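In numbering that gives the first Met the number 0, the protein residues as written are 0 to 543.
No residue lacks a Cβ here, since even glycine has one placed at the ideal position from N, Cα and C.
For clarity, every value in this text was computed on a predicted model and none was experimentally measured.
The block underneath contains the structure these notes are about, expressed in structure tokens.
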Amino acid sequence: MRSNKLRQQSAIEYLMTYGWAILVIVVVLALLLLMNIFNTGTFTTAGCEQQPGFLCSNPVLNTSGYLSMSVGRNGAALNATGVACTFNNTVPTSFSAIPTTQMLNGFTYHLLFHCQIPQSSIGSCFSGTVWVEYTEQGQAGLVGEIGRVNACVKTSGVVTTSAATTASTTSTTTSTTSTSASTTSTTSTTTSTTTSTTTIGVSIQYVPITITNGESSPTPAPFQQSLAIDSAAYSSYINSNWQNVEFTTGAGATGTILRAWIEANASNTSLNTPVWVNLPSGISGSSSVTIYMDFMPTNVMNATCAAGANPETSPSTCVTGEAPQLSSSYGEYDNGNSVFTFYDGFAGTSLSSEWTVSTVGGGATATVNDGLTIQTTQTSSGIGIFSSSSFAYPMVAESDITSYSNNCGGPYTGIFESLNNVMDTQNYAEPENAYLLSLGGSGTNIGAFTITTPSGSSNLYSGEPIPSYPFILGVTWVTTGNEVASIGTTNYAASDTTLSVGNYYVGVANNAGGCVATGTYQWFRGRAYPPNGVMPGFSFGSVA
């Protein structure tokens with residue numbers, strides 16, 4: 000009996016002794032699992048579990064230990080100053096500093112920074128937490144948990160995610176403006192800029208561009224600067240469709256984004272890619288400024304660049320765009336309304352309310368179908384499409400004309416004193432009180448720079464050759480007695496004093512002039528007139 004009791008007591012003591020030991024082992028194993036000690040780099044899925052107030056997706060690693068992912072804000076805006084990652088949910092004690100970046104509600108940004116991993120070979124993985132250090136409402140040093148990630152090494156080089164885009168599926172408080180390419184929009188204000196937020200924490204290669212205003216007078220502010228870029232010289236940095244180039248005031252995508260619009264030749268094989276860059280502050284007289292052409296790891300063009308995108312409500316998007324015909328979907332990346340003083344790419348199927356239409360004689364029509372067509376179907380008819388608002392002089396009015404049939408009378412690009420009785424029935428249905436550059440005249444391939452009044456019209460220049468289509472027609476009314484027209488790259492100056500300059504309207508027109516005529520246009524723009532008509536010069540530095 001005593002023997003049985005002793006055996007029972009020994010069993011109880013054995014269980015108590017080794018039970019505690021087993022419990023300790025279980026607890027230690029659980030902690031090790033939480034700390035990811037047993038990570039073998041064999042994750043079957045990669046992703047990011049975003050935390051409240053943030054957005055995250057698409058984590059990818061490279062062999063140098065750089066983590067690439069899309070991050071964003073789902074709440075009040077904050078200014079990010081640093082990023083870090085940890086192998087568990089422990090708050091990091093230090094952060095990798097980044098240029099102060101405003102993270103706006105509902106927008107996602109490309110994040111690329113160094114995050115040390117145990118192995119740096121293809122297939123090795125990281126599982127842990129990504130953090131951001133930020134300033135909000137004047138309080139610095141705040142820390143936020145962006146998300147918990149699983150990411151595996153997929154490449155030895157720089158890894159990228161999608162370009163900055165509007166977040167529309169995970170944020171319930173996002174309010175943005177996005178319009179498809181099938182709608183038409185114009186604007187007459189272009190002063191918006193924003194801090195560069197396309198890529199956070201990555202070294203960006205760039206080329207400095209020095210722009211010099213050799214005139215003693217300053218440029219207007221804002222000012223649209225013309226650049227001619229040898230894209231082939233940067234073919235190893237610019238992607239094939241020119242969608243990864245951004246212009247900023249600071250080297251390597253720092254400072255302020257400068258909105259840009261590619262006019263033609265959006266290819267890295269072109270020897271001449273014309274680009275317009277909006278300089279919000281202009282350039283002082285007899286001085287220079289330096290801007291930077293940044294080669295981004297991701298595309299900076301996106302669908303919110305379509306006609307109608309509002310840079311005031313979508314400041315991190317639509318930074319670089321292109322003429323509407325350059326995109327595979329017409330107007331998809333056309334941000335001309337955020338670059339020029341007045342602009343329309345004629346996307347969609349209806350004419351914007353920014354225009355006023357005037358006809359005379361019947362049989363004249365204006366049709367929008369991803370481009371503008373103005374047509375006269377009777378020999379005594381005429382039509383004008385004029386800006387509904389007037390603009391302070393001088394402003395350069397330009398249209399990209401793609402075709403014209405029957406060179407008799409029109410079409411015109413012009414500047415008009417008023418919208419009262421603009422189509423004059425006395426002069427072959429021409430607009431009155433205007434300076435017009437016309438493709439009409441006697442014979443074929445004839446251009447005429449004309450002044451029209453109710454009492455008649457007269458040519459300031461005529462018999463000028465017309466380039467091959469498409470080309471740009473331009474008119475500038477600088478002051479009373481100083482008018483300039485351009486056909487392609489050739490300028491013609493006049494000194495007519497019949498009309499007194501003042502705030503004026505701009506637009507295009509067409510009149511039959513004795514025959515049926517049709518003209519088609521790709522876009523229309525109004526831009527700032529450079530000092531004394533001289534565009535500031537520019538020079539490129541070396542890639543850094």
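Cutoff 8 Å; reference residue i; Cβ partners in own chain excluding five residues on either side
i: residue 220; result: 278, 279, 280 and 281
i: residue 130; result: 82, 83, 84, 85, 90, 91, 94, 142, 143, 144 and 145
i: residue 1; result: Unreliable positioning characterises residue 1 in this predicted model, as indicated by a pLDDT of 48, which lies under 50. A coordinate reading is not provided.
i: residue 237; result: 230, 243, 244, 267 and 294
CA-to-CA distance, residue j to residue i, given in whole angstroms
i: residue 77; j: residue 266; result: 37 Å
i: residue 34; j: residue 85; result: Interpretation of residue 34 is limited by its pLDDT of 43, a score under 50 that renders its predicted location unreliable; the figure taken from the coordinates is listed afterwards. Using only the alpha carbons, I get a separation of about 10 Å.
i: residue 209; j: residue 226; result: 11 Å
i: residue 508; j: residue 364; result: 11 Å
i: residue 109; j: residue 87; result: 23 Å
i: residue 323; j: residue 331; result: 7 Å
i: residue 123; j: residue 83; result: 19 Å
i: residue 72; j: residue 100; result: 12 Å
i: residue 394; j: residue 136; result: 41 Å
i: residue 259; j: residue 538; result: 17 Å
i: residue 133; j: residue 46; result: 24 Å
i: residue 494; j: residue 285; result: 27 Å
i: residue 65; j: residue 211; result: 39 Å
i: residue 254; j: residue 247; result: 6 Å
i: residue 464; j: residue 80; result: 58 Å
i: residue 548; j: residue 533; result: Any question about residue 548 goes unanswered here, given that the chain covers just 0 to 543.
i: residue 618; j: residue 454; result: For residue 618 there is no data in the structure shown, the boundaries of the chain being 0 and 543.
i: residue 523; j: residue 296; result: 32 Å
i: residue 498; j: residue 526; result: 22 Å
i: residue 249; j: residue 103; result: 21 Å
i: residue 165; j: residue 489; result: Caution applies to residue 165, whose pLDDT of 32 falls short of 50 and renders its modelled position unreliable; the value that the coordinates give is listed next. Each residue's alpha carbon lies about 42 Å from the other.
For residue j and residue i, believed in contact at Cβ under 8 Å, the rounded distance
i: residue 520; j: residue 345; result: 7 Å
i: residue 375; j: residue 384; result: About 13 Å separates the two Cβ atoms, so there is no contact after all.
i: residue 294; j: residue 223; result: So it is not a contact: roughly 23 Å between Cβ atoms.
i: residue 292; j: residue 242; result: That pair is no contact at about 14 Å.
i: residue 392; j: residue 500; result: 5 Å
i: residue 431; j: residue 451; result: 5 Å
i: residue 528; j: residue 491; result: Residue 528 to residue 491, Cβ: 16 Å. No contact.
Distance CB(residue i)-CB(residue j) smaller than 9 Å
i: residue 207; j: residue 283; result: no
i: residue 272; j: residue 230; result: yes
i: residue 369; j: residue 347; result: yes
i: residue 473; j: residue 436; result: yes
i: residue 56; j: residue 67; result: no
i: residue 245; j: residue 256; result: yes
i: residue 434; j: residue 516; result: no
i: residue 518; j: residue 438; result: yes
i: residue 484; j: residue 462; result: no
i: residue 531; j: residue 380; result: no
i: residue 214; j: residue 148; result: no
i: residue 479; j: residue 496; result: yes
Start-to-end residues for the beta strand (DSSP E) that takes in residue i
i: residue 270; result: Counting along the chain, residue 270 falls outside any beta strand (DSSP E), and DSSP gives it neither H nor E.
i: residue 58; result: 53 to 61
i: residue 613; result: One cannot answer for residue 613 here, as it falls past the ends of the chain, which runs 0 to 543.
i: residue 394; result: 394 to 404
i: residue 245; result: 244 to 249
i: residue 232; result: No beta strand (DSSP E) contains residue 232, which DSSP labels as neither H nor E.
i: residue 465; result: Per DSSP, residue 465 belongs to no beta strand (DSSP E) and is neither H nor E.
i: residue 121; result: Taken as a continuous stretch (DSSP letters only), residue 121 belongs to no beta strand (DSSP E), as it is neither H nor E.
i: residue 342; result: 341 to 343
i: residue 521; result: 516 to 527
i: residue 293; result: 286 to 294
i: residue 253; result: 253 to 257
i: residue 48; result: 46 to 49
i: residue 84; result: 77 to 85
i: residue 481; result: 481 to 486
i: residue 474; result: 470 to 478
Contacting residues, own chain, Cβ-Cβ under 6 Å from residue i (five flanking each side not counted)
i: residue 50; result: 144 and 146
i: residue 234; result: 267
i: residue 41; result: Residue confidence is low: residue 41 scores 37 on pLDDT, short of 50, so the model does not pin down where it sits. Its coordinate-derived value is still stated next. There are no such residues.
i: residue 541; result: none
i: residue 321; result: 261, 265 and 332
i: residue 121; result: 152
i: residue 39; result: Interpretation of residue 39 is limited by its pLDDT of 35, a score under 50 that renders its predicted location unreliable; the figure taken from the coordinates is listed afterwards. Closer than 6 Å at Cβ, skipping near neighbours: no residue.
i: residue 127; result: 84, 85 and 86
Cutoff 7 Å; reference residue i; Cβ partners in own chain excluding five residues on either side
i: residue 469; result: 399, 400, 401 and 521
i: residue 386; result: 341, 353, 354, 504, 505 and 506
i: residue 189; result: Any reading at residue 189 must be qualified, since the residue scores a pLDDT of 40, below 50, and its modelled position is unreliable; no value is offered.
i: residue 441; result: Note that residue 441 scores a pLDDT of 47, beneath 50, so its modelled location is shaky and nothing firm can be said.
i: residue 113; result: 64, 65 and 95
Heavy atom of the ligand NAP within 8 Å of residue i beta-carbon
i: residue 104; result: The ligand NAP is absent from the structure shown, which contains no ligand whatsoever.
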